[in-house]
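S.K.: Chains as they are written, first to last, in the UniProt record's numbering: chain P, 1 to 261; chain U, 1 to 261.
Beta carbons are placed, not taken as given, at the ideal position from N, Cα and C, and that holds for glycine.
2 protein chains.
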Amino acid sequence: MNLQDQQPHTLRKMISDGQLTDHTSGMAKGFIQANVVILPSKYAYDFLKFCFKNPKTCPLLDVSETGETSFPIYGKEANICTEVAAYRIYRNGELIETTSNISHLFTKDMVSFLIGCSFTFEHALLAAGIPIRHLEEKHNVPMYMTNIPANTSGQFKGNITVSMRPMTMQQAIKATEITTHFNNVHGAPIHIGNPEEIGINNITQPDFGEPVTIKDNEVPVFWGCGVTPQSVALDAKPELMITHAPGHMFITDIHESQLSN
Amino acid sequence: MNLQDQQPHTLRKMISDGQLTDHTSGMAKGFIQANVVILPSKYAYDFLKFCFKNPKTCPLLDVSETGETSFPIYGKEANICTEVAAYRIYRNGELIETTSNISHLFTKDMVSFLIGCSFTFEHALLAAGIPIRHLEEKHNVPMYMTNIPANTSGQFKGNITVSMRPMTMQQAIKATEITTHFNNVHGAPIHIGNPEEIGINNITQPDFGEPVTIKDNEVPVFWGCGVTPQSVALDAKPELMITHAPGHMFITDIHESQLSN
């Protein structure tokens with residue numbers, strides 16, 4: 001079975017039935033995959049406002065109505081409790097469990113957020129002949145904490161996290177042109193070049209993911225990263241917060257071609 | 001004094017001091033003007049979510065922190081209580097007063113929203129040689145209620161309101177190209193042509209504003225209108241809601257050239 005050509009609802013059903021437990025990278029080609037953050041409703045306003053105030057790092061795709069397990073646009077028939085292959089459960093900011101089903105934790109008071117993911121624009125970069133080193137080297141993308149503060153919203157505050165892809169400066173310019181049109185999934189880069197300018201002191205040691213080779217004629221190019229809203233939310237130490245586990249994204253019903261910008 | 005060339009903070013100071021009470025159309029040329037909605041905090045989450053779910057009709061520019069009179073991006077030094085020339089006070093959905101100062105009503109529980117206004121893209125249309133009939137005829141823009149439902153958020157629901165500008169089909173195509181780049185202020189048109197298709201039965205009788213001439217070779221072009229969030233919020237009958245009075249917009253510190261898209 002070629003998972004790349006499957007429809008999102010088919011894959012989500014397989015995940016729900018426990019038949020599919022892998023990373024979702026490359027599945028349902030062309031369909032938007034999303035980071036997931038689920039919080040009690042008392043945090044929902046400040047978190048929604050955090051996303052609004054930080055569109056490059058926290059590009060909000062959809063938000064459920066309170067207590068609903070589906071999404072108005074990106075997953076009308078979805079069940080957020082079972083259709084992500086691996087969830088992480090945090091209590092008071094501490095990871096306590098990784099699980100494949102959160103039905104027992106979900107209440108009428110929960111709100112689910114879908115946040116854009118850079119998997120989406122990597123297809124477009126590849127199509128333009130721009131290398132994606134972590135795919136070439138079969139690694140997870142390297143991610144770094146920066147010294148750039150996100151815009152604060154209520155109790156949600158902290159510095160932004162970036163993902164990094166090395167390429168030539170000519171390719172970096174082309175990649176900027178391309179990702180400018182992907183505002184729903186991070187948009188243009190946050191920084192190009194010297195990592196120290198944004199507080200990254202050792203490019204060979206990412207804070208998350210794995211390091212990749214940077215060739216002599218290449219510069220590192222940094223994009224806002226969907227890890228930011230998760231890490232900022234964790235810093236606020238909510239009594240309960242549920243996210244997807246890294247790489248196990250929610251596969252939405254919306255195709256890239258439906259993104260308006 | 002040429003108000004067109006004044007800086008936003010100068011004009012807002014004049015408004016605050018009672019020296020300026022006019023419509024703000026044409027003032028501080030190139031700076032974004034905004035619709036204003038002020039609500040008690042218990043409505044803020046659903047209203048913010050309403051804006052997120054209806055980006056064309058309710059393009060949210062900025063939102064204050066609860067109880068703050070300034071805005072994080074569009075008016076860092078602003079005082080929303082005095083710097084709009086005319087406010088409307090609604091209680092339980094009924095207009096009870098128009099006033100030039102709301103300091104006596106503003107509490108630590110209020111949240112202020114700034115919503116994009118089509119004044120912003122009219123400059124760009126004029127620059128491209130597209131006629132703006134209501135400016136030519138010195139009218140307020142004609143606005144119509146449609147049969148197109150907005151996306152519901154909590155208690156906020158209703159049909160969207162549109163503004164209309166007549167032009168030739170060639171100009172309509174050009175105007176669509178141009179306004180596509182103004183996503184922060186309504187973006188591309190919602191409809192072009194036959195008004196009945198969107199529930200407007202008499203184009204000569206707008207629901208708000210004033211009618212304009214439509215020439216034989218012209219089609220009506222409809223954009224989402226900032227009246228929508230106000231009318232939807234009023235339908236929810238909040239115990240207190242404060243808005244700008246029509247035409248008396250909040251003049252923001254952000255220039256058109258700073259809009260990223």
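(1) For U/K49, go through chain P and note every residue whose CB falls closer than 7 Å to its CB, in chain order.
(2) Determine the DSSP secondary structure at P/N261, reduced to helix, strand or coil.
(3) Applying the criterion that 16 or more other CB atoms from any shown protein chain within 10 Å of the CB defines a buried residue, is P/N261 buried or exposed?
(4) May I have the straight-line CA-CA distance separating U/A78 from U/H255, to the nearest angstrom?
(5) Suppose you measure from the CA of U/T21 to the CA of P/T69; what does that come to, to the nearest Å?
(6) Taking the alpha carbon of U/S163 as the point to measure from, which residue in U/G209, U/K49, U/E196, U/M1 has its own alpha carbon closest?
(7) Is the beta carbon of P/Q33 less than 8 Å from the beta carbon of P/F222?
(8) For the stretch 126-153 of chain P, which residues have a CB atom closer than 9 Å to at least one CB atom of chain U, in sequence order?
(9) Taking Cβ positions only, does U/L60 come closer than 8 Å to chain P?
(10) Counting only beta-carbon separations shorter than 8 Å, does P/P72 have a partner in chain U?
(11) Please classify P/E97 as buried or exposed, where buried requires at least 16 other C-beta atoms within 10 Å of its C-beta.
(12) What are the start and end residues of each continuous alpha helix (DSSP H) run of 4 or more residues lying completely inside the stretch 4-90 of chain P, in chain order?
(13) I need the boundaries of the alpha helix (DSSP H) containing U/I173, first residue and last residue.
(14) Determine, using beta carbons only, whether P/D207 and P/M143 come nearer to each other than 8 Å.
(15) Is the shortest distance between the beta-carbon of U/K108 and the beta-carbons of chain P less than 8 Å?
(16) Does DSSP put U/L240 in a helix, in a strand, or in coil?
(17) In chain U, what lies closer than 8 Å to P/A44 by C-beta?
(18) Assuming P/A233 contacts P/F156 under a Cβ cut-off of 8 Å, what Cβ separation, rounded to an integer in Å, is found between them?
(19) From U/T252, U/L105, U/P72, pick the residue whose C-alpha is nearest to that of U/R91; which is it?
(20) Just to confirm the assignment, what range does the beta strand (DSSP E) spanning U/D253 have?
(21) Using the rule of at least 16 other Cβ atoms within 10 Å of the residue's Cβ for burial, across every protein chain shown, is U/P149 buried or exposed?
(22) Would a check of beta-carbon distances place P/K76 closer than 8 Å to chain U?
(23) So, is U/M1 buried or exposed, given that buried needs 16 or more other C-beta atoms within 10 angstroms?
(24) Between U/K53 and chain P, is any beta-carbon pair separated by less than 8 Å?
(25) Go through its chain and collect everything with a Cβ distance to U/C225's Cβ below 6 Å, but skip five positions before and after it.
(26) Figure out for me which residue from P/S257, P/H244, P/T24, P/T252 has the closest Cα to the Cα of P/T99.
(27) Thinking C-beta only, is U/T168 closer than 8 Å to U/N217?
(28) Pull up the DSSP beta-bridge partners for P/V213, would you.
(29) Less than 8 Å separating the beta-carbons of P/S112 and P/S41?
(30) Between which two residues does the beta strand (DSSP E) harbouring P/F208 extend?
(31) I need the straight-line Cα distance from P/I126 to P/N140, nearest angstrom please.
(32) What residues in its chain sit with their C-beta under 7 Å from that of U/I200, if we drop five residues either side in the sequence?
(33) Rounded to whole angstroms, what's the CA-CA distance from P/A44 to P/I173? Just pull it up for me.
(34) Where does P/K49 land, buried or exposed, given buried means 16+ other C-beta within 10 angstroms?
(35) As a quick exercise: from P/G26, P/G18, P/I15, P/T213, pick the residue whose alpha carbon is nearest that of P/C117.
M.R.: So, from the data block:
(1) The residue given as residue 49 of chain U occupies position 49 in the second sequence. The answer, in chain order, is L48, V63.
(2) As a first step, residue 261 of chain P must be located in the first sequence, where it is residue number 261. Residue placement at P/N261 is poorly supported in this model, since its pLDDT is 43, which falls under 50; the coordinates are not used for a value here.
(3) In the first sequence, counting from the first residue as 1, residue 261 of chain P sits at position 261. At P/N261, the pLDDT of 43 sits below 50, so the modelled position is not reliable and the matter cannot be decided from this model.
(4) Translated into the one-based positions of the second sequence, residue 78 of chain U becomes position 78. Translated into the one-based positions of the second sequence, residue 255 of chain U becomes position 255. Roughly 15 Å between the two C-alpha positions.
(5) As a working note, residue 21 of chain U is residue 21 in the second sequence. As a working note, residue 69 of chain P is residue 69 in the first sequence. One C-alpha to the other measures close to 49 Å.
(6) Reading the second sequence from its first residue, position 163 is the one you call residue 163 of chain U. It is U/G209.
(7) Looking up residue 33 of chain P in the first sequence gives position 33. Looking up residue 222 of chain P in the first sequence gives position 222. Not in contact: P/Q33 and P/F222 (Cβ atoms no closer than 8 Å).
(8) N151, T152, S153
(9) As a position in the second sequence, residue 60 of chain U is number 60, starting the count at 1. Closer than 8 Å: yes.
(10) Residue 72 of chain P sits at position 72 when you count from the first residue of the first sequence. Yes, P/P72 counts as interfacial toward chain U.
(11) Along the first sequence, one-based indexing puts residue 97 of chain P at 97. Exposed.
(12) 8-16, 44-53
(13) Residue 173 of chain U sits at position 173 when you count from the first residue of the second sequence. 169-180 is the span of the alpha helix (DSSP H), which, as asked, contains U/I173.
(14) Translated into the one-based positions of the first sequence, residue 207 of chain P becomes position 207. Translated into the one-based positions of the first sequence, residue 143 of chain P becomes position 143. A contact, by the Cβ cut-off of 8 Å.
(15) Your numbering for residue 108 of chain U matches position 108 in the second sequence. False, the Cβ-Cβ gap to chain P never drops below 8 Å.
(16) Against the second sequence, residue 240 of chain U aligns to sequence position 240. In the structure shown, U/L240 sits in coil (DSSP, three-state: anything other than H, G, I, E or B).
(17) The residue you call residue 44 of chain P lines up with position 44 of the first sequence. The answer, in chain order, is Y45.
(18) Locating residue 233 of chain P in the first sequence gives position 233, counting from the first residue. Locating residue 156 of chain P in the first sequence gives position 156, counting from the first residue. Confirmed, Cβ separation roughly 6 Å.
(19) By 1-based counting over the second sequence, the position of residue 91 of chain U is 91. The shortest C-alpha separation from U/R91 is found at U/L105.
(20) Mapped onto the second sequence, residue 253 of chain U falls at position 253. Element bounds for U/D253: 250-255.
(21) Indexing the second sequence from 1 puts residue 149 of chain U at position 149. With fewer than 16 Cβ atoms within 10 Å of its Cβ, U/P149 is classed as exposed.
(22) The count along the first sequence starts at 1 and reaches residue 76 of chain P at position 76. Chain U, which has no Cβ nearer than 8 Å to the Cβ of P/K76, makes this no.
(23) Counted from its first residue, the second sequence places residue 1 of chain U at position 1. It is exposed - the Cβ of U/M1 has fewer than 16 other Cβ atoms within 10 Å.
(24) Taking the first residue of the second sequence as position 1, residue 53 of chain U is located at position 53. Yes, U/K53 counts as interfacial toward chain P.
(25) To locate residue 225 of chain U, count along the second sequence from 1; it is residue 225. Cβ within range, chain order: M143, T161, V162, S163.
(26) Stepping through the first sequence from its first residue, residue 99 of chain P is reached at position 99. Ranking the options by Cα distance to P/T99, first place goes to P/H244.
(27) Working through the second sequence from its first residue, we reach residue 217 of chain U at position 217. Working through the second sequence from its first residue, we reach residue 168 of chain U at position 168. Their beta carbons are under 8 Å apart, which means U/N217 touches U/T168 by this criterion.
(28) One-based indexing of the first sequence puts residue 213 of chain P at position 213. According to the sequence displayed, residue 213 of chain P carries Thr and not Val. P/T213 pairs with nothing; no bridge assigned.
(29) Taking the first sequence and counting its residues from 1, the one referred to as residue 112 of chain P is at position 112. Taking the first sequence and counting its residues from 1, the one referred to as residue 41 of chain P is at position 41. No. Outside cutoff.
(30) Here residue 208 of chain P refers to the residue found at position 208 of the first sequence. Per DSSP, P/F208 belongs to no beta strand (DSSP E) and is neither H nor E.
(31) As a first step, residue 126 of chain P is located in the first sequence; it is residue number 126 there, counting from the start. As a first step, residue 140 of chain P is located in the first sequence; it is residue number 140 there, counting from the start. Looking at the sequence shown, residue 126 of chain P is not Ile but Leu. Going by the C-alpha atoms only, they are around 16 Å apart.
(32) The sequence position of residue 200 of chain U within the second sequence is 200, counting from 1. Answer for U/I200: Y144, T146, listed in chain order.
(33) Taking the first residue of the first sequence as position 1, residue 44 of chain P is located at position 44. Taking the first residue of the first sequence as position 1, residue 173 of chain P is located at position 173. Answer to the nearest angstrom: the Cα atoms are 37 Å apart.
(34) Working through the first sequence from its first residue, we reach residue 49 of chain P at position 49. Classification for P/K49: buried.
(35) Sequence index remark: in the first sequence, residue 117 of chain P carries index 117 (1-based). The candidate whose alpha carbon is nearest that of P/C117 is P/G26.
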